[in-house]
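Chains as they are written, first to last, in our numbering: chain A, -3 to 578; chain B, 4 to 373; chain C, 519 to 811; chain D, 6 to 240.
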C-alpha cells in the first residue's frame, strides 16, 4: 500500500507525548509540592475529571447539550449518602449502586427526553435536575433536607480503609485512569467516528445505517454512570451529602470544564477539571475579589482557546514539531466486489408539503444492474423522491420496496441496512475529518467495525473514485467535485444493493465525471440497481439505460435517453417552446 | 500496591504531625466563612466579628489570620480548611455559620486536632460527639425554646402559624420549634417551608390567614423575613421571627412603622446597647466596617476573643486552646460562655422587639438555658 | 379561598409577571439576535437592581425618574457585554457564548457582592408608597406602578421592534443576518444594539423588582432560570411566547402556590414544563416558522 | 456608454476549488441581461459575488465605474445594489409590510411612496400586507422578495431564478413594469436556467457553464450558436 509508512505505535507515542509529559508533571507536583491541601484539591479534581469524562459522552460525542450531568452527580452522591449514612452499607455495595441507579434513571428518561432538540433538550434535562434538587431539599425523612446527611462512610475496599490524602488520591485517580481508558475504548476509532457522524452529519449517519437514537441514548446512560460514580466519590470523600451536590453550580462547573478543557476530549476533561478546581484556589488571596478574577480568567481562556486547552496543547505541540502527522499504516484489503443487487419498486408515490403536492402518483422501477437517470427542472420533486426512498420523508400514499422488503415502517438507518445507499445534493461530509474517515464511516454500522480495517477498505473505495492521493486530506479543504466523489465512494463502500445519487456530477471536472461514470457502470455490472438524479443531460444520457423525467411532481416521460430528450414535453420543460422567442 | 499506599499514608501522617512549637507571636487563627453566595450576609458579619477581635490584639497577642471564602458548598469549606491547616501553628479556626459546611469540616478538625470556633445554629453539630467544635451562638435548641416560650408564655398565643425556609437554617429551626410548641401545649395550625428565592409572600399569607392563627412564627433568612413582614402588615398578627429579624440589615429593608409589634430571637442585640462595653464595640464596629453589627458578629467576636484570651494566658498550641475552650469560661460582650460538655458555649437567648418608632429593637426578655 | 383573595393573588401575579416579562423579553431578544443563551442575563437584572439602589442613595429621586438613567447605563453595560463576551466568539458554537456569559455572570455577581455587600437591599419606589384601596382589594401603589411601567416598557419595546425602521432591522438581522446585510443593514451594530436593549430591559426589571422584592448579589441565577423556562415554554425565539411564559411562571409563584405548598408548586411548574415539552416539543406556541436555520 | 456594472476576471473559490472562474461581463444602465446556465454552473455564486456575500479569489467588480473591492455587502446595498436570492429568503416572522419597509433607506414619505408602488406592482401583497411572510405561498414570497428589493430603489437589481414559484408571464409583466414605472430604473441581471422564461425580456445575455462565462450575445444569437444548448441540453 502506497500510503503506508510509519508503524502505528510510533505515531501513538509522538501524538501523546505532551499528554504523557503532563501526566508526569502532575504526578511530580503531587509527590513533591502536595501537602494535604494540595492532595485534597487533586483528589477533588480527579472526582470532577470523572464527572466530565462522563459528560463528554453526551455533550462531546453525542453532541447533546445535557444539563442533567449535575443531577446524576447528585443522584450518585445521595445513593451513597442514604445507603451509607442511614443503612450503614459499605463502599463496596454503595459504589456500584451509585453508578447503576443514575444510569437506570437515565435509561428511563432517555426515550422521551432525547427526542427533544437542542434547547428543549437542555431545558428538559435541567427541569429534571431541578425537580431532583427540590426533592433533595424537601424530602427530609429520606435526604435529611437542606442539612443533608452526616456520617457517610469513607472508602473501604476489601476491609482496607482508603484514607484521605495519598491513598484516596491514588484510588480516585486510579478510577479516573480506568474511566478514561474505558471512555477511550468506547469512543475511539470507529465508535468515535460513528458519534462524530451522528453529531455533525446526522443525515449521512442514517444513510450508512447508523442509529443515532440508540447512540445518543447510550451516551446519555454512560454519562449518568460516570456522573453517579463521581457523586459517590464526592460523598465518600466529604463524609456528608447535602443538596449542594444537586446545585446547578456543579452542572455549570462540569460544562465549563468540558468546554475549557476541550469538548469531546478525555485529556480535555482532565485538564479542565484540574485547572478549574485549582484556579479559584490560586486566586484565594484576593479575598472577596477572587471570583471576579476567576470570571475574567475563564473569559480569557474561552476566547483564546477555541478548541479548549486540549486543542491548544495539540496545536502548539504540532507547531513545535513542525511536521504534519505521519500517515498511519494501512493493511491492504481486497478490491470492493459486488455480489448482486435488488430491484427497487416505487408504486403510486404521493407526497405533499402543506398543501403543495411535491410528488403525484409516481411509479418507478429500477432493476438490478440497471442505471436509471432521473431528470426534471428545479422543484420538480427529484430530491423529494430520493428522500422518500431513503426514509427521510414518509409518503402520503404509495409504497416503496426493495425486492420484497417494504420500506414503510422503517426508519432511515434501517432502510440503509437493507442495502440502500445514497449521496446528497450537497455532500454530507464531516468537514474537519479526512476523506478516508468520511468513507470509513460506511462500515460503522457493521458488527466488526474496526477503524484501521475500515480505513483500508475505504482507501480502496477512494481509489476507485480516483481519490487515493487525497485520502488523508481534510474534507472541508476539497473542491466540490472531490467532495462529491468522496461521498459516492462512501456510498459505494457500503456495497449497496440499490444506490441513489442526488446530482453527483455537479461541480465535477470532465475527468472526474468520467471516473464517476466508470465507477457507476462497474457497480451496475456487479448487479447493483442505480438511480442517478442529475441536471447534466449529456452525462446522464451517456450513462443511463433509461431516463425518467419529472415535472411538477409527475412523471412526464420515461424511456431511452433519446426518446425522453426528444419528447416535446421534456424540451418544453427545459428550453421552452420555440415560438416564444422574440 | 497496598504496601505502597500504606507507606505513603504513614509518610504523610508523619509529615503533618511533626510538633511545631508555637510562640504567642506566630500563632494563626484562619477565618473560614462564607462571604459570597447565599449565606454571604451572615458570613460577612462572622468575618467582621473575627477580624475585629484579631485586629484588636487583646493583651498584645498578634495572631496571624487570613480570610478565606467558603462560598456555598461543603466541598469549598473543606478545601479552605485543608488549605488553612497546611500552614503551621494554627491554634483555632473561625469556622462557617453554614451547618453542612461545619458537618463536613468537623471530622477533619477532629483528625487534625484543631478547634473550630463557630456560630452555626444547626443543633446537630454539637450532637455528634466531636470534641473540636465550639459554638458561641446559642444553638437552635436554646433560641427556639426562647422563641416558643416567648410566644406561649409572654404573648399567650396558642395558635401558631410557622413559616420557615427550606434551607439548613430553616429546617433545623422548624424541627426544634415544632417540638417546643408541642411541649408548651401550643398548636401549630399552619406550617409551610419556602425556598429562599420566593418573592411573593401573598400565596402563603392567603393560606396562613385561612388557618386563622393568632401568631406568626418565622424561621426565614434576612431578605425573605423582611419581605414577609412587609407583606403581612395587613394581617395585624404578632410576628415572632428568627434571628435574621434582629439583623440591622433586615430592619433596614423596612419602615419603622412596618416593624411595629415584630419580635425576634437572637443571642444578643449589639445595636440595642445595654452595656458600655457593648456600646463601645458597636461604635468601633461601625467605624471599622461602615456597617451595623449584629449578634453573629458579636458572637464570633466573643468566641475569637476567648481563644485569644486563652493564648494570652499561656495556651501555645491547638490542643491547649481546645482544653481551655472545653473547660474554661469567658465573660464576653453578649454573655458568659462556658461549654456544656458538647461544645455549646452560649446558653442565653434574648427576645428583641421593635416598637414601631425606630429600626433599633429593644431587648424585652432574656432566657437562660436551664 | 374567597374570590377577593383570588383576585388579589392574580393581581400580584400580574405585577410579578410583568417584571419577569421584561426579563424574559431581553433574554429572548439576545437569543434571536445571536442564537446564543446569555447566561449573565439574570445577573444583569441584579446589576440593574443594585444600580437603582446606588442611584437612589446618591439622588433622592423617585424611581420613575431614575428608570431612564438606569436603562441608559445598563445599555452601556450591554454594549460592553457584547464586546467582551459575544463579538470575539461570534463565529464559534453557541456553547462558547454560554460559557463566556457564565464568566461575565460570575464577575457581575461577585462585583456586586464586593461593592454593595451581601445584604439584601431595597430599591427606590417608583412613585411614592402606600396602598390604593379598590373595593376591598389592597393594591399597593408600587405593584400598580410596576404593572403600568412594565406594560409601558413592553409596549414601547413592541413599538420599537414593529414600528421603527431600527426595530425592523434588528428583527431582520435576528432572522437572517446574511439577507439583512444584503439589504444594507449593518448587522454587527444591530447585534450590539440588541445586547444594549436586552440589558436595558433587564436593568429596568431590576429596578422594578428591587423595591418590592429587594435585590441580592446571588439572585441572578434564579432569574436567568426563569427567563430560560419562559422562553422554552413560549417557544424558542418567540417574543410574545416569552412574555406569556413569564406570566405563567408568575402564576405558579403567586397563585398556584396558594393552593399547593410552595415547594410543590415549584415542582409542579417543572412538571408542567416537562409535560409541555413531551407533548409539544416546540413549546406552547411552537417556534417561529419560516425562519431560516 | 459607461457601464453600470462591470466584472473583470472574477474568480470565486470554495475550499480551494473555483466555482466561478475568470468571469467577465458588463451591464449598461437600465439594461436587462440574462445569465443562463444549468444548475451548478455558478450563476448564483456570481450574483452573490456582486452583492459581496462571497469573497473574490481574483478579479474586480465595478459599479458606476467605482471598484467594489473591500466594500461590505451592506454598503453595496446602500450604493444601489439590490438582491433577490434564490429561495427568496423573506423574513418569515415579519409581516409583508415590514419585510418591505425594512429595505427602504430613505425618509418616511419616500418610504410610503415606494410602499405604494410595490403594492401597485403586486396587488396580492397589498391584500396580505399584515400577514406574516411565512404564511404566504411560494409565489407570493417571490413577489415579496422582488418587492423588497425594489424598496431599495436600486440602480442594479440582481434576480436569482425569480421564476421559481411564479408564472413566467407574471415575471415578464413585473420586469416590464419595473422598467416602465421607474424613470431611470435599475439595470437588471437575471440568473435563470430555463431559456424561454427570460427570452421575452432580456435582449442580451451570457451563458455560463462549469463556472465560466462561455458565450455572450443576444438571446437568439446565444440559442443559435449552440453554446446555450450545450449548457442546457445535448444536441
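C-beta: ideal position from N, C-alpha, C; glycine also.
Give every residue of the same chain whose Cβ lies closer than 7 Å to the Cβ of residue i, excluding the five residues on either side of it in the sequence, and list them in chain order.
i, result
"residue 691 of chain C", "551, 698, 703, 705, 708, 709"
"residue 110 of chain D", "83, 157"
"residue 618 of chain C", "603, 607"
"residue 161 of chain A", "32, 35"
"residue 407 of chain A", "387"
On the CB-based measure, 16 or more other CB atoms within 10 Å of its CB, does residue i come out buried or exposed?
i, result
"residue 53 of chain D", "buried"
"residue 51 of chain B", "buried"
"residue 735 of chain C", "buried"
"residue 137 of chain A", "exposed"
"residue 330 of chain A", "Residue confidence is low: residue 330 of chain A scores 45 on pLDDT, short of 50, so the model does not pin down where it sits. Its coordinate-derived value is still stated next. So residue 330 of chain A counts as exposed."
"residue 132 of chain B", "exposed"
"residue 75 of chain D", "exposed"
"residue 797 of chain C", "exposed"
"residue 446 of chain A", "exposed"
"residue 576 of chain C", "exposed"
Less than 8 Å between the beta carbons of residue i and residue j, yes or no?
i, j, result
"residue 24 of chain D", "residue 15 of chain D", "no"
"residue 212 of chain D", "residue 41 of chain D", "yes"
"residue 534 of chain C", "residue 773 of chain C", "no"
"residue 96 of chain D", "residue 150 of chain D", "no"
"residue 454 of chain A", "residue 478 of chain A", "no"
"residue 428 of chain A", "residue 469 of chain A", "no"
"residue 61 of chain D", "residue 10 of chain D", "no"
"residue 57 of chain A", "residue 191 of chain A", "yes"
"residue 37 of chain A", "residue 194 of chain A", "no"
"residue 370 of chain B", "residue 163 of chain B", "no"
"residue 76 of chain B", "residue 126 of chain B", "no"
"residue 770 of chain C", "residue 795 of chain C", "no"
"residue 130 of chain B", "residue 166 of chain B", "no"
So, at 6 Å on beta carbons, what are the nonlocal neighbours of residue i in its own chain, with the 5 sequence-adjacent residues on each side left out?
i, result
"residue 357 of chain A", "344, 346"
"residue 536 of chain A", "369, 530"
"residue 563 of chain A", "553"
"residue 361 of chain A", "341"
"residue 160 of chain B", "154, 217, 218"
Based on the DSSP output, what are the partners of residue i in its beta bridges?
i, result
"residue 339 of chain B", "B:334"
"residue 156 of chain D", "Per DSSP, none; premise fails for residue 156 of chain D."
"residue 100 of chain D", "D:137"
"residue 347 of chain B", "B:138"
"residue 266 of chain B", "B:243, B:356"
"residue 122 of chain B", "Answer is none; residue 122 of chain B lacks a bridge partner."
Starting from the C-beta of residue i, find all residues in its chain whose C-beta is less than 8 Å away, skip the five residues before and the five after it, and write them out in chain order.
i, result
"residue 85 of chain B", "111"
"residue 513 of chain A", "535, 538, 539"
Beta strand (DSSP E) runs contained entirely in the region 490 to 547 of chain A, provided each spans 3 or more residues: Complete beta strand (DSSP E) runs here, min 3: 494 to 498, 525 to 529, 542 to 547.
Whole alpha helix (DSSP H) runs in the region 199 to 234 of chain A with 4 or more residues, listed along the chain? The region 199 to 234 of chain A contains these whole alpha helix (DSSP H) runs: 208 to 234.
Enumerate, from N- to C-terminal direction, the unbroken beta strand (DSSP E) stretches of 3 or more residues contained entirely within the region 351 to 430 of chain A. 352 to 362, 367 to 371, 393 to 398, 416 to 418
Kindly provide the ranges of any alpha helix (DSSP H) runs that are 4 or more residues long and lie completely inside the region 66 to 120 of chain A, ordered along the chain. DSSP runs (the alpha helix (DSSP H)) wholly in the region 66 to 120 of chain A: 87 to 110.
Counting only runs that start and end within the region 191 to 226 of chain D, where is the beta strand (DSSP E) found for 3 or more residues in a row? 192 to 197, 209 to 214, 217 to 223
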